[in-house]
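**Q** Heads up: the sequence shown begins at 345 in this note's numbering, then just goes up one per residue. C-beta: ideal position from N, C-alpha, C; glycine also. Computed from a prediction, not measured in an experiment: that's the story for all the values here. Have a look at the structure that comes next, please.
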Amino acid sequence: MDSKLLDEAIKRVERARLEVSKHHIVKIVAASKYVGSSEILELYNSGQRAFGENRVQDLVKKESELEALPLEWHFIGVLQKNKINQLLSINPSLIHSVDSLDLALEIDKRAQKEIDVLLQINSSNEESKSGVDPIRAEDCYLEIKERCKNLRVRGIMSIGALSDDKREVIKGFEKSRAIFENLNRYGATILSMGMSLDYEIAIKCGSNLVRLGSSLFKS
Ligand SMILES: *Cc1c(COP(=O)(O)O)cnc(C)c1O
């Protein structure tokens, strides 16, 4: 089984995390939106267990095709309210993309059991991105914690700035990290940031969960 891309990513994650601290553990979620179940199976055979999808239909389809495997499914995309029940039906391990109190309340209403979520924050303040405004993030987090009894808010997620300027990218990640550290005292433990093009920077800025797509699935 050729797992060169996964091995390479693991090596790079390892190098970056050790620059933070030997106690800084980073989880890799494979963003499998580019591929079908057979490629997911290949990566599973190389040891990968956590996979993320950004469309509910794709997630449900792949989950059912791979039902026999002990996979962890993450939802990382924009969640439309009319897809919440479908998403909950596959019992996702973590929903990364709760981007408003309103959406949290809707998920809470439909959930039959406790479900782990992250609050998505728009730390680079880009129009095109979803996520809570950084200024509102702490209040929103606490309100979800208070009002959504079926949700366990485990931390925050953000997407790096779409910029060639590394300083811009770092600025956004550091903003997320500051919010995350503030929320540690309310039980936040997951800081989901970093994708194929910026995961090493994200890890050095404190990320402990990276979502890797193209770097794992394209040669
Ligand atoms: C697709 C996607 C990723 C992975 O992106 P790559 O650049 O291919 O690594 C990560 N996070 C989200 C929310 C995505 O939609």
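Cα-Cα, which of Ile500, Ser390 and Ala412 is closest to Leu438?
**A** For the purposes of this step, residue 438 is taken as the residue at position 94 of the sequence shown. Checked all of Ile500, Ser390 and Ala412; the closest Cα to Leu438 is Ile500.
**Q** What's the call for Asn435, buried or exposed, on a 16-neighbour Cβ count within 10 Å?
**A** As a position in the sequence shown, residue 435 is number 91, starting the count at 1. It is exposed - the Cβ of Asn435 has fewer than 16 other Cβ atoms within 10 Å.
**Q** Between the alpha carbons of Met345 and Asn389, how many angstroms are there, rounded?
**A** Residue mapping note: residue 345 aligns to position 1 of the sequence shown, counting from 1. Residue mapping note: residue 389 aligns to position 45 of the sequence shown, counting from 1. For Met345, the predicted structure reports a pLDDT of 47, less than 50, and the residue's modelled location is therefore unreliable. A value from the coordinates is still provided. Near 8 Å, if we compare the C-alpha coordinates of Asn389 and Met345.
**Q** Nearest to Ser474 by CA position, among Ile488, Glu450 and His440, is which residue?
**A** Here residue 474 refers to the residue found at position 130 of the sequence shown. If we check each option's Cα against that of Ser474, His440 comes out closest.
**Q** Given a threshold of 16 other Cβ atoms within 10 Å of its Cβ, counted over all protein chains shown, does Ser376 qualify as buried or as exposed?
**A** Here residue 376 corresponds to residue number 32 of the sequence shown, with the count starting at 1. Under this definition Ser376 is a buried residue.
**Q** Can you check DSSP and say which residues form a bridge with Met537?
**A** Taking the first residue of the sequence shown as position 1, residue 537 is located at position 193. For Met537, which the question treats as bridged, DSSP gives the partners Ser502.
**Q** Apply the 10 Å Cβ neighbour rule to Glu490 and answer buried if 16 or more other Cβ atoms are within range, or exposed otherwise.
**A** By 1-based counting over the sequence shown, the position of residue 490 is 146. Exposed, since its Cβ has fewer than 16 Cβ neighbours within 10 Å.
**Q** I want to check one thing, is the minimum distance from the CB of Ala375 to the heavy atoms of ligand 1 below 7 Å?
**A** By 1-based counting over the sequence shown, the position of residue 375 is 31. Indeed, a heavy atom of ligand 1 lies less than 7 Å from the Cβ.
**Q** At a cut-off of 7 Å, is Met539 close to ligand 1 when judged by its beta-carbon and the heavy atoms of the ligand?
**A** As a working note, residue 539 is residue 195 in the sequence shown. Yes, since a heavy atom of ligand 1 falls inside the 7 Å radius drawn around the Cβ of Met539.
**Q** Can you tell me where the beta strand (DSSP E) holding Asp460 begins and where it ends?
**A** As a position in the sequence shown, residue 460 is number 116, starting the count at 1. Residues Ile459 to Gln464.
**Q** How is Glu450 classed by DSSP in three states: helix, strand or coil?
**A** Within the sequence shown, numbered from 1, the residue matching residue 450 stands at position 106. Glu450 falls in the helix class under three-state DSSP.
**Q** Let me check understanding here. Comparing Cα to Cα, which of Gln456, Gln464 and Ser382 lies closest to Leu447?
**A** In the sequence shown, residue 447 corresponds to position 103, counting from 1. When each option's Cα is compared against that of Leu447, the closest is Gln464.
**Q** Cα-Cα, which of Gly380, Phe524, Ala412 and Ile459 is closest to Phe419?
**A** Numbered from its first residue, the sequence shown carries residue 419 at position 75. Answer by Cα proximity: Ile459.
**Q** Would you report the Cα separation of Gly396 and Val497, rounded to the nearest angstrom?
**A** Counting from 1 along the sequence shown, the entry for residue 396 is found at position 52. Counting from 1 along the sequence shown, the entry for residue 497 is found at position 153. Whole-angstrom Cα-Cα distance: 18 Å.
**Q** Check whether the Cβ atoms of Val603 and Val461 sit closer than 8 Å, and answer yes or no.
**A** Coverage of the chain is limited to positions 345 through 563, which leaves residue 603 absent and any answer about it impossible.
**Q** Using 7 Å as the cut-off, classify the Cβ of Ile451 as near or not near the heavy atoms of ligand 1, replying yes or no.
**A** For this step, residue 451 is matched to residue 107 along the sequence shown. No, the Cβ of Ile451 stays beyond 7 Å of every heavy atom of ligand 1.
**Q** Excluding the 5 residues flanking Ser536 on each side, which residues of the same chain have their C-beta closer than 6 Å to its C-beta?
**A** As a position in the sequence shown, residue 536 is number 192, starting the count at 1. The answer, listed in chain order, is His440, Leu462, Met501 and Leu553.
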